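Reading through the structure tokens given below for one structure.
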Amino acid sequence: MILAAGCTDKVPMTLPDPPAPIVQPAEYAFGDAIASADNRAAAAAQDLLRPRFGGGQERNLVAPAGTDFAAVTRWYDARAQEAGWEPVAGFTDRLGGGRHGFAYAAGTRAFALVWIDEASPDGNRPVTTIRFGEGR
């Protein structure tokens with residue numbers, strides 16, 4: 050008897066929330082200028098991914114002064130690759146000036162993390178995660 054199994058219908062793992070030191074704040078404590086820039090960055094990410102994945106669910110986070118975003122990017126690259134997610138080509142370049150981030154897609158789902166150049170006087174910087182598709 051031959052038994053065959055396929056993995057083509059496997060639902061990809063949901064990518065995790067960002068690692069420390071990025072955290073969920075008790076309250077979103079950024080002034081109007083920074084909050085507005087953060088909202089524009091999240092809207093740009095939504096605009097880039099919405100046509101393919103539908104509207105995304107946003108979560109506002111905070112990165113303290115000195116956060117190494119290159120290390121955060123490497124952390125996600127490793128986990129996304131392990132889980133079978135693919136980078137969204139050109140995502141960062143299309144966000145616009147003063148905005149940074151990355152996005153991954155797997156089937157009908159996507160995940161993006163975006164941040165801006167502006168920081169509060171204490172060096173904290175807003176970060177937004179956006180999950181698209183079923184099971185976000």
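With the working numbering as the guide, the letters of the sequence shown map in order to residues 50 to 185.
Cβ atoms here follow ideal geometry from the backbone N, Cα and C, with glycine treated the same way.
In this text, all values refer to a predicted model and were calculated from it rather than measured experimentally.
Residue nearest to residue i in terms of C-alpha spacing, selected from the options
i      : options                     : result
Ala155 : Asn88, Ala92, Phe102, Arg89 : Phe102
Pro170 : Thr63, Phe79, Asn88         : Phe79
Arg89  : Val137, Gly145, Phe151      : Gly145
Pro65  : Arg108, Ala75, Glu167       : Arg108
Residues of its chain near residue i, where Cβ-Cβ distance is below 7 Å and the 5 sequence neighbours each way are ignored
i      : result
Phe118 : His149, Trp164
Cβ-based neighbour list, residue i, same chain, cut-off 6 Å, excluding 5 preceding and 5 following
i      : result
Arg99  : none
Ala94  : Ala161, Val163, Ile179
Pro113 : Pro70, Asn173
Contact under 7 Å by Cβ, residue i with residue j
i      : j      : result
Tyr125 : Pro136 : no
Asp81  : Pro175 : no
Phe151 : Thr122 : yes
Ala177 : Ala92  : Per the sequence presented here, residue 177 reads as Thr, with Ala not at that position. No, these two residues do not count as a Cβ contact at 7 Å.
Cβ shell of residue i (< 8 Å), same chain only, five flanking positions each side left out
i     : result
Ile83 : Ile165, Glu167, Ala168, Ser169, Pro175
Residue-chain proximity (residue i, chain C), Cβ-Cβ < 7 Å
i      : result
Ile165 : Looking at the structure shown, chain C is missing, and only one protein chain is on hand.
Classification of residue i by the beta-carbon crowding that lies within 10 angstroms, buried from 16 upward
i      : result
Ala120 : exposed
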